[in-house]
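Quick notes on the structure that follows.
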Amino acid sequence: MEKFWTGILSVIFVGWAAAVLAVPAHRSLTYADGETGLVIFKGKTHQQKCSACHRNGVFPIMRQGAEVITMQKIEQGDQCGACHDGRKAFGSSGNCNRCHRPAENH
Ligand code: HEC
Ligand code: HEC
Ligand code: HEC
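Using the working numbering, the final residue of the sequence shown is 106, and nothing's skipped along the way.
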């Protein structure tokens, strides 16, 4: 019985924590590995519904770093490339500096 309640409570707590963290944590995510300069993903400029990104092939898991983002996947239309294909949003080729900021160090 004790286990049961611990289980229920942790489900509630995790749900609550996710709801509370979602907005502030998601306001802006910085990816620092790009050799071409860091990439800042802003929640503010990406106000689509959650399932536009949090689905298979894009970013199924709500955790930064859950996906290893590569340009190959982006160019194939996965990850950021699900929208950044030159139609729904600016594409990756020729637009490196719109995502990577080599000059500014933010
Ligand atoms: C829509 C945004 C976006 C555009 C446009 C973009 N990138 Fe990226 N790129 C990313 C993200 C996000 C990462 C992952 C960075 C990380 O994990 O730290 C990345 C990673 C990389 C990496 C390291 C991983 C790999 O795949 O080799 C390189 C190199 C790179 N980008 C080069 C480029 C070049 C060159 C261009 C232009 C032709 C470009 N990027 C355009 C978002 C973008
Ligand atoms: C335009 C795309 C996009 C939309 C729309 C989106 N997200 Fe995300 N979200 C991302 C990306 C990208 C990540 C990082 C995933 C990764 O690095 O593998 C992320 C990560 C997260 C994280 C983890 C943040 C952290 O600091 O690790 C949470 C929580 C999250 N999203 C919640 C939401 C919620 C709730 C919604 C809807 C209100 C939403 N997201 C809509 C792209 C999006
Ligand atoms: C669900 C669709 C969608 C996904 C997925 C998506 N974007 Fe965007 N993004 C957009 C749209 C729409 C715009 C605004 C239109 C435009 O600029 O072409 C935009 C604009 C941007 C901008 C310019 C505005 C700003 O915030 O500075 C950057 C940079 C950007 N996205 C980076 C990314 C990165 C990095 C990823 C992956 C981690 C990503 N986006 C994933 C739809 C998306």
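Built from N, CA and C at the ideal position, the CB exists for glycine as well.
Note down, in chain order, each residue of its chain lying with its Cβ closer than 8 Å to the Cβ of residue i, except the 5 sequence neighbours on either side.
i: R98; result: F90
i: L21; result: Because L21 sits at a pLDDT of 48, beneath the cut-off of 50, its placement in the model cannot be relied upon, and the point is left open.
i: H46; result: C53
Pop quiz: residue i and residue j are said to be a contact at Cβ under 8 Å. What is the actual Cβ separation, rounded to whole angstroms?
i: Q79; j: K73; result: 5 Å
i: I85; j: G77; result: A quick correction: the sequence has Asp, not Ile, at residue 85. Confirmed, Cβ separation roughly 6 Å.
Under 6 Å Cβ to Cβ from residue i, same chain only, skipping five residues before and after it: list those, please.
i: C53; result: F59
i: I61; result: none
Beta carbon of residue i, beta carbon of residue j: below 8 Å?
i: G156; j: R101; result: Because the chain in this structure spans residues 1 to 106, residue 156 falls outside the shown range and cannot be described.
Considering only DSSP beta bridges, list what residue i is partnered with.
i: T30; result: I40
i: R101; result: L38
For residue i, which residues in the same chain have their Cβ closer than 7 Å to its Cβ, ignoring the five residues on either side in sequence?
i: L29; result: F41, Q64
Where does the unbroken alpha helix (DSSP H) through residue i begin, and where does it stop?
i: Q76; result: Unbroken run through Q76: none, as it is neither H nor E.
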